[in-house]
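Before any comments, here is the structure.
Numbering (mature numbering (1 follows the signal peptide of the UniProt record, and there is no 0)), first residue to last: -18 to -1, 1 to 367.
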């Protein structure tokens, strides 16, 4: 009887063995992994290090995103429903030992990234646009968000982008892929032809300005996440040297900072154009635009109508982990070496208490609609710059 009891316990332990997904090196056409709890597809699966351990019975999806299929010969499959079963994976009625190496077909001609317009007001009377993926869920679709953009259709300006950096993830590799069509809008999100790719590329492709990313693709641990950053809802005009050197170094420092804390950080990245009446306007020399009709801090768009993108004077990041955070910022005009709207806590960069930064910049932006989750109570522990 005792022997039978021990045998039953042993079988019970064996049946509840966990499953491990080894994500390994990042691959260009890797699928996305999503939790599927009671048919509720609600979030990306984020590993600890470069692997993830799942308890027996955990259900999840492996998906290539709308418009893409798995690279499986003679099969037309977009999504795999998987469950962890006794140290293996059940796909349909087939038990497999690993799900590490599935790949999707090349996405160069498939609009896998989607933009979802909301009516939530933000910034200087902009609206929130969600950037992510549509995932099939039975007869309906779920929208899985990667980042949010606070964007204004009238000024064609991005006020800020909300994104994440996963400090607990450690994945090597940087897939070499290009996005031929840099924006998808799910219908007429932007009513004019302002975001036509040729027009936008022409405006930004000057010797002076780069299409700077607010949320850089290197912040994300999966290739599909990185694809979502290649949207004009995530870009602003940055002076070439600033974008290629100073801002790039700051982005690298922020990733190291979050990695040091080993947790998921919520990051807000934005840009400010000084009001001509602000106290700091005198410190900012106008940025000269290489265009036959320059108008102050604007990039002139080609076409019959005068269309412009405002060029921010200052780019900023708020990095929050739990109830701790820090605001770090730099000037697009690299000749500016001083600021006076918050107490500087760093040596190489301008950085300060988040709430003090928000209060101090109110003198620049006036009634700026800050996201409620940008405010935090304590300063984030810093690392050497």
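Every residue gets a Cβ at the ideal spot worked out from N, C-alpha and C, and that includes glycine.
All of these numbers come straight from a predicted model, not from anything done at the bench.
For residue 298, DSSP records a beta bridge to 252, 311.
Comparing alpha carbon positions, the residue from 100, 360, 328 closest to residue 232 is 328.
Taking all protein chains shown into account, residue 82 has fewer than 16 neighbouring C-beta atoms within 10 Å of its C-beta and is therefore exposed. Distance between residue 331 and residue 149, taken at the CA atoms: about 21 Å.
In its chain, beyond the 5 residues on either side, 146, 147, 149, 240, 301, 302, 303 have a beta carbon closer than 7 Å to the beta carbon of residue 247.
In this structure, the alpha-carbon of residue 67 lies about 19 Å from that of residue 5. Annotation for residue 64: 41, 42, 43, 44, 71, 72, 73, 81 place their beta carbon closer than 8 Å to its own, counting only its chain and skipping 5 residues before and after.
Between the region 101 to 111 and the region 350 to 366, the count of Cβ pairs shorter than 8 Å is three or higher; the stretches touch.
The beta carbon of residue 131 is closer than 7 Å to those of 111, 113, 140, 143, 215, 216 in its chain, skipping five residues each way along the sequence.
Distances from the CA of residue 326 to each of 315, 341, 314, 309 were compared; the closest alpha carbon is that of 309. For the region 32 to 62, the full-length beta strand (DSSP E) segments reaching 3 residues or more read 33 to 36, 41 to 45 along the chain.
By DSSP's assignment, residue 10 forms no beta bridge with any residue. Collapsing the DSSP output to three states places residue 129 in a strand. Counting along the chain, the unbroken alpha helix (DSSP H) around residue 236 starts and ends at 229 to 243. With a 10 Å radius around the Cβ and a threshold of 16 neighbouring Cβ atoms, residue 366 comes out exposed. C-alpha of residue 84 to C-alpha of residue 340: approximately 45 Å in a straight line. Excluding residues up to 5 positions away in sequence, 11 lie with their Cβ nearer than 7 Å to the Cβ of residue 88 in the same chain. Residue 97 and residue 16 do not touch by the CB rule: their CB atoms are close to 19 Å apart, not below 8 Å. Considering only 230, 335, 27, the residue with the shortest C-alpha distance to residue 199 is 230. Under the three-state reduction of DSSP output, residue 120 falls in the coil class, being neither helix nor strand.
In its chain, beyond the 5 residues on either side, 301, 303, 306, 307, 308 have a beta carbon closer than 7 Å to the beta carbon of residue 362.
Contact between residue 359 and residue 294 does not hold, since their C-beta atoms are separated by about 28 Å, which reaches or exceeds 8 Å. Sorting 39, 8, 7 by C-alpha distance to the C-alpha of residue 1 places 39 at the top. Residue 192 counts as buried, since no fewer than 16 other beta carbons sit within 10 angstroms of its beta carbon.
Residue 207: member of the alpha helix (DSSP H) spanning 205 to 209, first to last residue. Minimum Cα-Cα distance from residue 24 among the listed residues 124, 14, 57, 30 corresponds to 124. Rounded to whole angstroms, the gap between the alpha carbons of residue 244 and residue 56 is 42 Å. With contacts defined as CB atoms closer than 8 Å, residue 323 and residue 342 qualify as a contacting pair. The closest CA to that of residue 152, considering only 14, 21, 33, is found on 33. A straight line joining the alpha-carbon of residue 54 with that of residue 46 spans about 12 Å.
About 6 Å separates the beta carbons of residue 196 and residue 218, which is inside the 8 Å limit, making them a contact pair. DSSP, read as helix, strand or coil, puts residue 342 in helix. Comparing C-alpha distances from residue 336 to each of 35, 251, 31 shows the shortest one belongs to 251.
Of the candidates 119, 154, 99, 117, the residue whose Cα lies closest to the Cα of residue 135 is 99. In this structure, the CA atom of residue 211 is about 10 Å from the CA atom of residue 205.
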